[in-house]
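K.L.:
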Amino acid sequence: MKSIVTIAECLNARQDEYRYLLIDPLKSVMSWNPLHPDCLKEGKGSNFLQRVLRPDLAWSPEHCPLLVLLASPGENCEERLIEESEEYALGEVLYEKRYVCGWMSASLDPQEMATWIAELCKKIRPGAIVPVFEPLRLELLRSTADPAQLSTLLAPIGRWIFLSATGEQTVLSGAVNSKEWQLKWGTEKALDNYRDIWRLLSAWGLTSGPLPTDAARQAAKAWAGSGKVGLNHLSDRIFLVLNSLTLPASVTIHDEMKALLQKVASNPDLHLTQLMKTLPDAVWQEQRSPEPKVEGI
Numbered sequence: 001m002k003s004i005v006t007i008a009e010c011l012n013a014r015q016d017e018y019r020y021l022l023i024d025p026l027k028s029v030m031s032w033n034p035l036h037p038d039c040l041k042e043g044k045g046s047n048f049l050q051r052v053l054r055p056d057l058a059w060s061p062e063h064c065p066l067l068v069l070l071a072s073p074g075e076n077c078e079e080r081l082i083e084e085s086e087e088y089a090l091g092e093v094l095y096e097k098r099y100v101c102g103w104m105s106a107s108l109d110p111q112e113m114a115t116w117i118a119e120l121c122k123k124i125r126p127g128a129i130v131p132v133f134e135p136l137r138l139e140l141l142r143s144t145a146d147p148a149q150l151s152t153l154l155a156p157i158g159r160w161i162f163l164s165a166t167g168e169q170t171v172l173s174g175a176v177n178s179k180e181w182q183l184k185w186g187t188e189k190a191l192d193n194y195r196d197i198w199r200l201l202s203a204w205g206l207t208s209g210p211l212p213t214d215a216a217r218q219a220a221k222a223w224a225g226s227g228k229v230g231l232n233h234l235s236d237r238i239f240l241v242l243n244s245l246t247l248p249a250s251v252t253i254h255d256e257m258k259a260l261l262q263k264v265a266s267n268p269d270l271h272l273t274q275l276m277k278t279l280p281d282a283v284w285q286e287q288r289s290p291e292p293k294v295e296g297i
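full-length UniProt numbering applies: residue 1 is where the sequence shown begins, and numbers increase by one.
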């Protein structure tokens, strides 16, 4: 879906701030790609690049995120680089590791900005490092956290733009308010289940048409709900949640399906994916009926 305001227009509207592109070299790109660090250094100069020494990888700077200065206050951004980075980002929205993390504006200069991002990784969860600049983690944070608390957390940021798992441009803004950051249980669980939620989104994208714009939120909610079923195998849990997201009727409300789930949950040697074929056709027909879901995942 094409936005009314482009990323370049959004950034160029913040003339009193520095504008940045954030990339993550943990996802490699071809050496000839204009977004490769060597190409960026050759085209813009090393003074325009700043490493973000994420606390868990500070010992290996070449693997840390790279902050690219797009424009200083009073300047316009180079639109070609923004367009190239957006095009690349659109092609990797359902990848586990994404190279283009997003675009930002802030009053912080490059060194201050790099330090702030590194510190942000330590503020999400006390005693842990959360690479919140990764787009899917940031999307899960946005969809599960208290909006006012999240704004406080991002207070130095004018605009933080990233592409969601469905390729939608998402814009966050920082603001100083009275709500201090507190990690909610639902947000913590979503971040804990980050990789499983990505697996689910990837499978969902392969088995259906265009994903809903809130696919990450739906996937996180459904994954959390599936934990109550007690399945022993990851493949079974993904299968169950994927069906709950793609079938019109709730998967777990049919009596025969409930009995099968209880049987599988009580015996680690059994696999739901293998036993589903034992269900009568009538059960599947009911689950494919257009009746609205009532409860269950």
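Cβ coordinates follow ideal geometry from the N, Cα and C atoms, glycine included.
In the DSSP assignment, the alpha helix (DSSP H) including residue 100 goes from what residue to what residue?
P.N.:
Counting from one through the sequence shown, the residue named residue 100 turns up at place 100. Segment 100–106 is the beta strand (DSSP E) holding residue 100; no alpha helix (DSSP H) there.
K.L.:
Hey, quick one: how far does the beta strand (DSSP E) through residue 20 stretch, first residue to last?
P.N.:
Along the sequence shown, one-based indexing puts residue 20 at 20. 18–23 is the span of the beta strand (DSSP E), which, as asked, contains residue 20.
K.L.:
Under a three-way DSSP split, which group does residue 191 fall into?
P.N.:
Within the sequence shown, the letter at position 191 stands for residue 191. Residue state, collapsed to three classes: helix.
K.L.:
Quick one: Cα of residue 79 to Cα of residue 261, how far?
P.N.:
For this step, residue 79 is matched to residue 79 along the sequence shown. For this step, residue 261 is matched to residue 261 along the sequence shown. The alpha-carbon atoms of residue 79 and residue 261 are separated by roughly 53 Å.
K.L.:
If I follow the unbroken beta strand (DSSP E) through residue 245, where does it start and stop?
P.N.:
Translated into positions along the sequence shown, residue 245 becomes position 245. From DSSP, residue 245 is part of no beta strand (DSSP E) but of the alpha helix (DSSP H) over 234–246.
K.L.:
Can you look up residue 113 in the DSSP assignment and give me helix, strand or coil?
P.N.:
As a position in the sequence shown, residue 113 is number 113, starting the count at 1. Helix at residue 113.
K.L.:
What residues are listed by DSSP as bridge partners for residue 71?
P.N.:
Locating residue 71 in the sequence shown gives position 71, where the first residue counts as 1. Partner(s): 19.
K.L.:
Apply the 10 Å Cβ neighbour rule to residue 19 and answer buried if 16 or more other Cβ atoms are within range, or exposed otherwise.
P.N.:
Taking the first residue of the sequence shown as 1, we reach residue 19 at position 19. By the neighbour-count rule (16 or more Cβ atoms within 10 Å), residue 19 is buried.
K.L.:
Can you tell me whether residue 104 is buried or exposed? The criterion is at least 16 other CB atoms within 10 Å of its CB, across all chains shown.
P.N.:
Taking the sequence shown and counting its residues from 1, one reaches residue 104 at position 104. Burial call: buried.
K.L.:
Please say whether residue 175 and residue 208 have beta carbons closer to each other than 9 Å?
P.N.:
Here residue 208 is taken as the residue at index 208 of the sequence shown, counted from 1. Here residue 175 is taken as the residue at index 175 of the sequence shown, counted from 1. Cβ distance not < 9 Å, so residue 208 and residue 175 don't count as in contact.
K.L.:
How far does the alpha helix (DSSP H) with residue 273 in it reach, from first residue to last?
P.N.:
Counting from one through the sequence shown, the residue named residue 273 turns up at place 273. Per DSSP, residue 273 belongs to the alpha helix (DSSP H) from 272–275.
K.L.:
State the CB to CB distance for the pair residue 165 and residue 139, rounded to an integer number of angstroms; the pair is presumed to be in contact (CB under 8 Å).
P.N.:
The sequence position of residue 165 within the sequence shown is 165, counting from 1. The sequence position of residue 139 within the sequence shown is 139, counting from 1. About 6 Å separates the two Cβ atoms, so the contact holds.
K.L.:
List the endpoints of the continuous beta strand (DSSP E) containing residue 171.
P.N.:
Counted from its first residue, the sequence shown places residue 171 at position 171. From DSSP, the beta strand (DSSP E) with residue 171 extends over 169–172.
K.L.:
Name the DSSP beta bridge partners of residue 160, please?
P.N.:
Here the question's residue 160 lines up with position 160 in the sequence shown. According to DSSP, which records beta bridges pairwise, residue 160 is partnered with 104, 172.
K.L.:
With the cut-off set at 9 Å, would you say residue 117 and residue 11 are in Cβ contact?
P.N.:
Within the sequence shown, residue 117 is the residue found at index 117, counting from 1. Within the sequence shown, residue 11 is the residue found at index 11, counting from 1. No.
K.L.:
From the DSSP output, in three-state form, read off residue 51 for me.
P.N.:
As a working mapping, residue 51 is identified with position 51 in the sequence shown. Strand at residue 51.
K.L.:
Just the C-alpha distance for residue 159 and residue 107, rounded to the nearest angstrom, thanks.
P.N.:
Indexing the sequence shown from 1 puts residue 159 at position 159. Indexing the sequence shown from 1 puts residue 107 at position 107. Their backbone Cα atoms lie some 11 Å apart in a straight line.
K.L.:
In this structure, how does DSSP classify residue 11 when only helix, strand and coil are distinguished?
P.N.:
As a first step, residue 11 is located in the sequence shown; it is residue number 11 there, counting from the start. In this structure, residue 11 counts as helix in the three-state DSSP scheme.
K.L.:
Just the C-alpha distance for residue 5 and residue 13, rounded to the nearest angstrom, thanks.
P.N.:
In the sequence shown, counting from the first residue as 1, residue 5 sits at position 5. In the sequence shown, counting from the first residue as 1, residue 13 sits at position 13. Approximately 10 Å between the Cα atoms of the pair.
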